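Here is the structure we will look at, set down as structure tokens.
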Amino acid sequence: MKKSIFIKAWGLFRKFQMTFSQALIEAWKMAKREILIKAYNKIPSTKSLQKKKLEAKKLWQGIETITYPWRNQFVTNNSGAAGYYGIGKYNGD
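So that you can map any letter, position 75 of the sequence shown is 74 in numbering that gives the first Met the number 0, and since no number is skipped, the others follow by simple counting.
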């Protein structure tokens, strides 16, 4: 795991021209987010665990990284766009 974090950090360092310590922080956030996504996917989609699954989703969506900027308006509800474009026709662009 340490090796993959350092490889990701080096890639971010080269790609975004940031300091290596900033790249390490971002790589750690990305690794943490990936682990939380795997844990989220292991929770069964039953009614009894629906609240737990929603809380787990908020955990990994709340981690903002360079490659995944969390934008609240795109996550759950686009009722304004759905009203303009019609239900089921809005694809986010």
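Note that CB positions come from ideal geometry on N, CA and C, so glycine has one too. Note that the coordinates shown come from a computational prediction; the quantities given were computed from them, not determined experimentally.
Unbroken alpha helix (DSSP H) run spanning residue i, endpoints
i: glycine 10; result: 1-15
i: glutamate 33; result: 19-41
i: leucine 53; result: 49-60
Selected residue, minimal CA-CA separation from residue i, among the options
i: isoleucine 24; options: Leu35, Ile36, Leu11; result: Leu11
i: lysine 7; options: Glu63, Thr18, Gln16, Trp27; result: Trp27
i: glutamate 63; options: Glu33, Leu48, Met17, Leu53; result: Glu33
i: glycine 61; options: Lys50, Asn40, Ala22, Ile36; result: Ile36
Integer-rounded CB distance, given that residue j should sit under 8 Å from residue i
i: alanine 55; j: alanine 30; result: Rounded, the Cβ-Cβ distance is 17 Å, inconsistent with contact.
C-beta neighbour in chain C for residue i, strict 9 Å
i: leucine 58; result: Of the chains in the structure shown, none is chain C; there is only one protein chain.
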